[in-house]
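Numbering (the working numbering), first residue to last: 8 to 79. Ideal placement from N, C-alpha and C gives every residue a C-beta, glycine not left out. Below: the structure, in C-alpha coordinates.
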(Lines of atoms letter the chains of each structure in order from A and count residues from 1; the text may use other names and numbers.)
(Lines give C-alpha, C1' and ligand atoms only; values in the text may rest on other atoms or scores of the structure.)
Protein backbone atom coordinates (compact mmCIF):
# COMPACT_ATOMS: atom_id res chain seq x y z
CA UNK A 1 0.00 0.00 0.00
CA UNK A 2 1.46 3.32 -0.97
CA UNK A 3 1.19 5.78 1.87
CA UNK A 4 2.89 8.55 -0.08
CA UNK A 5 -0.30 9.99 -1.59
CA UNK A 6 -1.64 13.19 -0.05
CA UNK A 7 -4.64 11.33 1.40
CA UNK A 8 -2.43 8.90 3.37
CA UNK A 9 0.59 11.13 4.05
CA UNK A 10 1.62 10.95 7.70
CA UNK A 11 -0.13 7.63 8.38
CA UNK A 12 1.24 4.23 9.36
CA UNK A 13 -0.19 0.84 8.38
CA UNK A 14 -0.58 -1.54 11.34
CA UNK A 15 -1.13 -5.25 10.80
CA UNK A 16 -4.60 -6.18 12.08
CA UNK A 17 -5.20 -9.76 10.95
CA UNK A 18 -4.74 -12.55 8.46
CA UNK A 19 -7.26 -14.78 6.67
CA UNK A 20 -7.01 -17.72 4.28
CA UNK A 21 -3.28 -18.25 4.85
CA UNK A 22 -1.85 -21.18 2.90
CA UNK A 23 1.78 -22.29 2.77
CA UNK A 24 2.03 -24.61 -0.22
CA UNK A 25 5.75 -25.32 -0.60
CA UNK A 26 8.90 -24.60 1.40
CA UNK A 27 11.12 -21.64 0.51
CA UNK A 28 14.83 -22.14 1.07
CA UNK A 29 17.82 -19.76 1.16
CA UNK A 30 18.76 -18.76 -2.37
CA UNK A 31 15.18 -18.86 -3.72
CA UNK A 32 13.92 -15.65 -5.29
CA UNK A 33 10.56 -14.93 -3.68
CA UNK A 34 8.22 -12.71 -5.71
CA UNK A 35 5.16 -11.35 -3.90
CA UNK A 36 2.22 -9.76 -5.71
CA UNK A 37 -0.39 -7.86 -3.74
CA UNK A 38 -3.89 -6.85 -4.83
CA UNK A 39 -5.95 -4.30 -2.88
CA UNK A 40 -9.39 -5.80 -2.17
CA UNK A 41 -10.81 -3.03 -0.01
CA UNK A 42 -9.44 0.35 1.09
CA UNK A 43 -11.30 2.78 3.31
CA UNK A 44 -10.16 5.83 5.20
CA UNK A 45 -8.75 3.89 8.15
CA UNK A 46 -8.83 0.17 7.23
CA UNK A 47 -7.95 -2.07 4.33
CA UNK A 48 -7.69 -5.61 3.05
CA UNK A 49 -5.19 -7.00 0.55
CA UNK A 50 -4.68 -10.38 -1.09
CA UNK A 51 -1.07 -11.52 -1.46
CA UNK A 52 0.50 -14.43 -3.32
CA UNK A 53 4.20 -15.32 -3.20
CA UNK A 54 5.87 -17.44 -5.85
CA UNK A 55 9.22 -19.09 -6.57
CA UNK A 56 10.06 -19.99 -10.18
CA UNK A 57 6.50 -19.10 -11.23
CA UNK A 58 4.86 -21.49 -8.74
CA UNK A 59 2.79 -20.16 -5.84
CA UNK A 60 4.36 -21.11 -2.51
CA UNK A 61 2.19 -19.03 -0.14
CA UNK A 62 -0.94 -16.88 -0.21
CA UNK A 63 -3.11 -14.98 2.26
CA UNK A 64 -5.40 -12.04 2.86
CA UNK A 65 -4.10 -9.35 5.22
CA UNK A 66 -6.11 -6.80 7.18
CA UNK A 67 -4.58 -3.52 8.31
CA UNK A 68 -5.46 -0.25 10.02
CA UNK A 69 -4.18 3.17 9.01
CA UNK A 70 -3.36 5.47 11.92
CA UNK A 71 -1.85 8.93 12.22
CA UNK A 72 1.78 9.07 13.31
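One alpha carbon belongs to residue 59, the other to residue 19, and they sit about 23 Å apart. Around residue 23, the same chain offers 73, 74 and 75 as residues with beta carbons nearer than 7 Å, after the five sequence neighbours per side are excluded. For residue 64, the closest C-alpha among the options 43, 49 and 53 is that of 43. Put simply, the backbone Cα of residue 57 is about 20 Å away from that of residue 15.
The beta carbon of residue 61 is closer than 7 Å to those of 41 and 67 in its chain, skipping five residues each way along the sequence.
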